[in-house]
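In our numbering, the protein residues as written are 98 to 234. This report concerns only the one structure given below.
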């Protein structure tokens with residue numbers, strides 16, 4: 098896993114994608130951009146992509162989440178070398194209540210907070226949900 102500074106530096110250069118990647122076997126219709134794939138690999142957070150993928154069937158039933166989802170992970174501070182707690186949330190575009198909130202009891206996710214977008218797209222002529230960095234939209 099890269100350090101927090103290395104990850105922040107790498108993410109600063111992610112502004113588009115050349116390909117979509119299937120990172121989660123949990124949802125065959127969700128793909129990720131180059132930046133999300135890079136983050137999952139370098140922050141060792143494939144589990145975070147699995148969380149987002151695992152809620153896609155629930156999001157498909159919500160009229161507002163079908164078109165746009167804002168996912169955030171927020172980590173609590175922890176003593177050096179200790180695991181910390183985090184909260185993963187999915188919000189609607191209107192900024193109202195959080196329809197999805199999942200507490201993570203222990204994580205070594207290196208960033209204090211991070212946001213992803215998920216929205217409809219197309220891959221190989223088939224409809225998909227695309228998970229992307231906010232800088233890749």
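We put the CB at the ideal spot given by N, CA and C, even for glycine. All values reported here derive from a predicted model rather than from experimental measurement.
query: Let me know if residue 140 comes out buried or exposed under the rule of 16 or more other beta-carbons within 10 Å of its beta-carbon.; result: buried
query: Residue 150 by DSSP, collapsed to three states: which one?; result: helix
query: Tell me which residues share the same chain as residue 198 and place their Cβ nearer than 7 Å to its Cβ, disregarding the 5 neighbours each side in the sequence.; result: 184 and 186
query: Roughly how many whole angstroms lie between the Cα atoms of residue 156 and residue 146?; result: 15 Å
query: Residues bridged to residue 118 by DSSP?; result: 129
query: Quick one, which of 144, 204 and 137 has its alpha-carbon nearest residue 181's?; result: 204
query: Quick check: residue 123 and residue 150, are their CB atoms within less than 8 Å of each other?; result: yes
query: Should residue 207 go down as buried or exposed, given a rule of 16 or more other Cβ atoms within 10 Å for buried?; result: buried
query: Quick one: what does DSSP say residue 165 is sitting in, helix, strand or coil?; result: coil
query: Please classify residue 210: does DSSP put it in a helix, a strand, or coil?; result: strand
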